[in-house]
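Visitor: The structure's right below; bear with me while I get my questions together.
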Amino acid sequence: MTMSPHSRRRFLGTAALQSASALGLGSFMARPAGAAEIAAGRTLDAQAASPSQPLAQRAAAGPLPVVVVGTGYGGAVAALRLAEQGIPVVMLEMGQLWTQPASDGRLFSKTLTPDGRAMWFKTKTEAPLKTFLGLDIINKKIPAYAGVLDRVHLGGIDAYVGRGVGGGSLVNGGMAVTPREQDFGQILPGVDAGEMYAKWFPLANRLLGVNQVDPAWFEKAKCYRYARVARDQAQRAGYKTAFVPTVYDVGYLAREDLGQVTRSATAQEILYGNNHGKCSLDQSYLADAVGTGRVSIYTLHEVTALRQAAGGGYELDVRQIDAQGQELMRCTVRCAKLFLGAGSLGTSMMLVKARDTGGLPRLPAAVGAGWGHNGNVMAARSNPLGTSTGAIQSTMPVMGIDDRDHPTRPVFAELTPLPTGFENGVSMVLAITKNPERGTFRWDAASGQVKLDWRLEQNAASVAAVRSLIDPINRLLGTRYRTDLFGGGKAVADDFCYHPLGGCVLGQATDLLGRVKGHPGLYVVDGALIPGWTSVNPFVTITALAERNLHHLLREDFGVTA
Ligand code: FDA
Numbered sequence: 285m286t287m288s289p290h291s292r293r294r295f296l297g298t299a300a301l302q303s304a305s306a307l308g309l310g311s312f313m314a315r316p317a318g319a320a321e322i323a324a325g326r327t328l329d330a331q332a333a334s335p336s337q338p339l340a341q342r343a344a345a346g347p348l349p350v351v352v353v354g355t356g357y358g359g360a361v362a363a364l365r366l367a368e369q370g371i372p373v374v375m376l377e378m379g380q381l382w383t384q385p386a387s388d389g390r391l392f393s394k395t396l397t398p399d400g401r402a403m404w405f406k407t408k409t410e411a412p413l414k415t416f417l418g419l420d421i422i423n424k425k426i427p428a429y430a431g432v433l434d435r436v437h438l439g440g441i442d443a444y445v446g447r448g449v450g451g452g453s454l455v456n457g458g459m460a461v462t463p464r465e466q467d468f469g470q471i472l473p474g475v476d477a478g479e480m481y482a483k484w485f486p487l488a489n490r491l492l493g494v495n496q497v498d499p500a501w502f503e504k505a506k507c508y509r510y511a512r513v514a515r516d517q518a519q520r521a522g523y524k525t526a527f528v529p530t531v532y533d534v535g536y537l538a539r540e541d542l543g544q545v546t547r548s549a550t551a552q553e554i555l556y557g558n559n560h561g562k563c564s565l566d567q568s569y570l571a572d573a574v575g576t577g578r579v580s581i582y583t584l585h586e587v588t589a590l591r592q593a594a595g596g597g598y599e600l601d602v603r604q605i606d607a608q609g610q611e612l613m614r615c616t617v618r619c620a621k622l623f624l625g626a627g628s629l630g631t632s633m634m635l636v637k638a639r640d641t642g643g644l645p646r647l648p649a650a651v652g653a654g655w656g657h658n659g660n661v662m663a664a665r666s667n668p669l670g671t672s673t674g675a676i677q678s679t680m681p682v683m684g685i686d687d688r689d690h691p692t693r694p695v696f697a698e699l700t701p702l703p704t705g706f707e708n709g710v711s712m713v714l715a716i717t718k719n720p721e722r723g724t725f726r727w728d729a730a731s732g733q734v735k736l737d738w739r740l741e742q743n744a745a746s747v748a749a750v751r752s753l754i755d756p757i758n759r760l761l762g763t764r765y766r767t768d769l770f771g772g773g774k775a776v777a778d779d780f781c782y783h784p785l786g787g788c789v790l791g792q793a794t795d796l797l798g799r800v801k802g803h804p805g806l807y808v809v810d811g812a813l814i815p816g817w818t819s820v821n822p823f824v825t826i827t828a829l830a831e832r833n834l835h836h837l838l839r840e841d842f843g844v845t846a
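If you're matching positions, the sequence shown starts at 285 in the numbering used here and goes up one per residue.
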């Protein structure tokens, strides 16, 4: 058997990620293996992962060349591209590795019977839907544990984020949408669109494993009845609709629909993790990165503070916990170059704290500014009596109402399921609207925390946009908003978002490659760079932008010539 260097790396990285979890390693890297071993399939044993030296020991030996904080999209791209140039990378991730089943045979808990794996140190789940028919039957008590989904309370709004090796890829809806080229200039002015669409978007799509359902299959799939019903109604109301690409394996999904494989998307799994079918980052970029043999990942290691190191480089205070939240260790790590990939919230909060408490006092005022939520709002409608939306609904949306050409309120509204497991007659959307409001992170000395200045009223434009899209459908069909789902009688859910973006905006807090202004060797690589809106779901854009930035940074700052 011969393997290309890329498949060999992916194979080795996947094996290392799986065996590290099986061995219970909180820090690991891939054991370098010879081609003969790989060809013989011998790396798929527990030896494929080697424990990394404990972080405190490694830190005591001197400064690390590169630290990457966070293992989401931006962090994963940075780690892969640095490591394949021969640069050793240490990744610090506050969440767990999710690659080995627990004693019940599952990686993640079931959606309808969640346990501690569902959420990050909560004692009750905090799902987007609060009630059904006004009854408090959705959220369940769970033990506090280092689970995979966090709902961060930011005052005027909550934001969902993923916690674990793979960040948001572990919990997201897999919708992998490249923005239209004609919108790109508004999203990332200053970035060469020609280069992005010729090189970095295609590369990101390929490595993320983006695929699309076969339209003919979609028309007959049981699990997309809900989407066909909502699409047909939208088209009758005069709207355009479009297929939505996904990183869920559409071949697997088709077999789920036929009952041939273990169900995941058709068994309500999404927010608390998919046990099958989804190509999360631990199966793509991170597997490739670990497969280089140069990337160590330290899980349940949270960066709590940053500062300038005497003599150059950066110092990070790190806290290690166990999965029950017990503190195991604290240490300080020094590094020459620091890549922040902790997500819009994580990266912005770390930098604002560092600026305003003296660790990095010269950080620009633009750090913490320009935060937005991609105009995310959700809304649900009833259907005419007797309309079946299907008892089994795929959690992976693959169809959207495309009203991005609307002159005053462009909206892309993905048709999302309400996967209760029984006929519920609800049609729901996750809308991405264009909301000009932005928030700012600031240090609050009284509470010793970073807070986000964002008021609920700042969502008014998003609520109005989605209502203006859906009202005509309701008028046409004689249907109504469902006000029994989001709490407080709301027709449009405007108090949480899935797409926090910005806080260290490209070209404002950083230069046009993500270098933090005035701070050589400090880079932002994640959704914090995106100025609050991407017109569609953001992870493809975050990944492609990170690919572009790393390509240029390696040549300009790391002396890579090829
Ligand atoms: P990301 O948030 O992915 O990763 C950051 C990582 O850093 C996390 O693993 C976190 O634990 C870690 N971290 C944070 N602070 C740290 C610290 N101090 N120390 C150490 N580690 C730290 N997008 C899309 O395009 N299509 C979709 O369908 C969806 N659906 C969706 C559903 C849900 C429920 C969520 C929560 C999100 C989505 N998204 C989405 C959004 C998408 O997942 C999100 O935009 C990206 O994950 C952001 O990627 P980043 O690289 O910015 O960080």
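Each residue gets a CB set at the ideal place from its N, CA and C atoms; glycine is no exception.
Is the beta carbon of Leu629 sitting closer than 9 Å to the one on Pro784?
Guide: Translated into positions along the sequence shown, residue 629 becomes position 345. Translated into positions along the sequence shown, residue 784 becomes position 500. For Leu629 and Pro784, yes; Cβs fall inside 9 Å.
Visitor: List, from N- to C-terminal side, the alpha helix (DSSP H) runs of 4 residues or more that fit wholly inside the stretch 348-400.
Guide: Listed in chain order, the complete alpha helix (DSSP H) runs (minimum 4 residues) inside the stretch 348-400 are 357-367.
Visitor: Between the alpha carbons of Lys504 and Glu553, how many angstroms are there, rounded?
Guide: Residue mapping note: residue 504 aligns to position 220 of the sequence shown, counting from 1. Residue mapping note: residue 553 aligns to position 269 of the sequence shown, counting from 1. Taking the straight line from one Cα to the other gives about 22 Å.
Visitor: Can you list, in chain order, the residues of its chain whose CB lies under 6 Å from that of Lys524, leaving out five sequence neighbours each side?
Guide: Translated into the one-based positions of the sequence shown, residue 524 becomes position 240. Answer for Lys524: Asp686, listed in chain order.
Visitor: DSSP has His585 in a bridge; who is on the other side?
Guide: Along the sequence shown, one-based indexing puts residue 585 at 301. Per DSSP, Gln604.
Visitor: Hey, does His560 have any beta-carbon neighbour from chain D nearer than 9 Å?
Guide: Checking the listed chains, one finds no chain D in this structure; it contains a single protein chain.
Visitor: Can the beta-carbon of Ala343 be found less than 9 Å from the beta-carbon of Cys563?
Guide: Numbered from 1 along the sequence shown, position 59 holds the residue referred to as residue 343. Numbered from 1 along the sequence shown, position 279 holds the residue referred to as residue 563. Not closer than 9 Å, so no.
Visitor: Can you give me the C-alpha to C-alpha distance between Val353 and Gly597, rounded to a whole angstrom?
Guide: Here residue 353 corresponds to residue number 69 of the sequence shown, with the count starting at 1. Here residue 597 corresponds to residue number 313 of the sequence shown, with the count starting at 1. Between Val353 and Gly597, the C-alpha separation is close to 15 Å.
Visitor: If we ignore side chains and look at the alpha-carbon of each, how far apart do Leu565 and Pro691 end up?
Guide: Start at 1 with the first residue of the sequence shown, and residue 565 comes out as number 281. Start at 1 with the first residue of the sequence shown, and residue 691 comes out as number 407. Cα to Cα, Leu565 sits roughly 36 Å from Pro691.
Visitor: What are the partner residues of Ser678, as DSSP defines its beta bridges?
Guide: In the sequence shown, counting from the first residue as 1, residue 678 sits at position 394. None; Ser678 has no bridge partner.
Visitor: Taking its Cβ as the centre, do 16 or more other Cβ atoms sit within 10 Å of Gly609, making it buried, or is it exposed?
Guide: Counted from its first residue, the sequence shown places residue 609 at position 325. Gly609 is exposed by the Cβ-count criterion.
Visitor: Inspect the beta-carbon positions of Asp737 and Gly439 and report whether they are closer than 9 Å.
Guide: Here residue 737 refers to the residue found at position 453 of the sequence shown. Here residue 439 refers to the residue found at position 155 of the sequence shown. Result yes, Cβ atoms of Asp737 and Gly439 sit closer than 9 Å.
Visitor: Leaving aside the five residues before and after Asn847 along the sequence, list all residues of the same chain whose C-beta is less than 6 Å from its C-beta, in chain order.
Guide: Here the chain has residues from 285 to 846 only, and residue 847 is not among them.
Visitor: Using only alpha-carbon positions, find the residue among Asp442, Ala300, Gln517 that is nearest to Asn758.
Guide: To locate residue 758, count along the sequence shown from 1; it is residue 474. Minimum Cα distance to Asn758 is reached at Gln517.
Visitor: Measure how close the beta-carbons of Leu847 and Ala304 come, nearest whole angstrom, since I'm counting them as under 8 Å.
Guide: Since the first residue of the chain shown is 285 and the last is 846, residue 847 is not available in this structure.
Visitor: Could you name each continuous beta strand (DSSP E) segment of 3 residues or more that falls completely within the stretch 689-745, going from the start of the chain to the end?
Guide: Qualifying beta strand (DSSP E) stretches, in chain order: 695-700, 710-717, 724-728, 733-737.
Visitor: CA-CA distance, Leu348 and Glu599?
Guide: For the purposes of this step, residue 348 is taken as the residue at position 64 of the sequence shown. For the purposes of this step, residue 599 is taken as the residue at position 315 of the sequence shown. So the alpha carbons of these two residues sit roughly 10 Å apart.
Visitor: If contact is defined by three or more beta carbon pairs under 8 Å, each pair taking one atom from either stretch, is the stretch 469-483 in contact with the stretch 779-793?
Guide: Yes: at least three Cβ pairs fall under 8 Å.
Visitor: Would you say Val445 touches the ligand FDA, meaning its beta carbon is less than 8 Å from a heavy atom?
Guide: Locating residue 445 in the sequence shown gives position 161, counting from the first residue. Checking every heavy atom of the ligand FDA against the Cβ of Val445, one is found closer than 8 Å.
Visitor: Quick one, which of Gly450, Val528, Gly310 has its alpha-carbon nearest Glu698's?
Guide: Counting from 1 along the sequence shown, the entry for residue 698 is found at position 414. Taking only the C-alpha atoms, the option nearest Glu698 is Val528.
Visitor: On a CA-only basis, which of Phe706, Met683, Glu611, Lys424 is nearest Pro551? Give me that one, please.
Guide: Mapped onto the sequence shown, residue 551 falls at position 267. Before going further, note that residue 551 is Ala rather than Pro in the sequence given. Here the closest residue by C-alpha is Phe706.
Visitor: Quick check on Ile421: buried or exposed, where buried means 16 or more other Cβ atoms within 10 Å of its Cβ?
Guide: Numbered from its first residue, the sequence shown carries residue 421 at position 137. Per the 10 Å Cβ criterion, exposed.
Visitor: Would you list the residues sitting across from Ser580 in a DSSP beta bridge?
Guide: To locate residue 580, count along the sequence shown from 1; it is residue 296. Answer by DSSP bridge pairing, in chain order: Val374.
Visitor: Going by the DSSP bridge assignment, what does Gln302 pair with across the sheet?
Guide: For this step, residue 302 is matched to residue 18 along the sequence shown. Paired residues: none, contrary to the question.
Visitor: Quick check on Gly773: buried or exposed, where buried means 16 or more other Cβ atoms within 10 Å of its Cβ?
Guide: The residue given as residue 773 occupies position 489 in the sequence shown. Result: exposed.
Visitor: Ile685 by DSSP, collapsed to three states: which one?
Guide: As a working note, residue 685 is residue 401 in the sequence shown. If DSSP states are grouped into helix, strand and coil, Ile685 belongs with the strands.
Visitor: Can you tell me where the alpha helix (DSSP H) holding Asn833 begins and where it ends?
Guide: Mapped onto the sequence shown, residue 833 falls at position 549. Unbroken alpha helix (DSSP H) run through Asn833: 823-841.
Visitor: Use the C-beta contact count for Ala345: other C-beta atoms within 10 angstroms, 16 or more gives buried, fewer gives exposed.
Guide: Position 61 of the sequence shown, counting from 1, holds the residue named residue 345. Flag for Ala345 reads exposed.
Visitor: So does His783 have its beta carbon nearer than 8 Å to some heavy atom of the ligand FDA?
Guide: Looking up residue 783 in the sequence shown gives position 499. Because some heavy atom of the ligand FDA lies under 8 Å away, the Cβ of His783 counts as near it: yes.
Visitor: Once the 5 residues before and after Asp467 are set aside, which same chain residues still bring their CB inside 6 Å of it?
Guide: Within the sequence shown, numbered from 1, the residue matching residue 467 stands at position 183. Around Asp467: Ser819.
Visitor: Is Phe295 helix, strand or coil when you go by DSSP?
Guide: Here residue 295 refers to the residue found at position 11 when the sequence shown is read from its first residue. Here Phe295 sits in helix by DSSP.
Visitor: Look at Leu355 and Gln302 and say whether their C-beta atoms are less than 9 Å apart.
Guide: In the sequence shown, counting from the first residue as 1, residue 355 sits at position 71. In the sequence shown, counting from the first residue as 1, residue 302 sits at position 18. Reading off the sequence shown, one finds Thr at residue 355, where the question assumed Leu. Their beta carbons are not under 9 Å apart, which means Thr355 does not touch Gln302 by this criterion.
Visitor: From the DSSP secondary-structure annotation, give me the bridge partner or partners of Asn495.
Guide: As a first step, residue 495 must be located in the sequence shown, where it is residue number 211. Per DSSP, Thr530.
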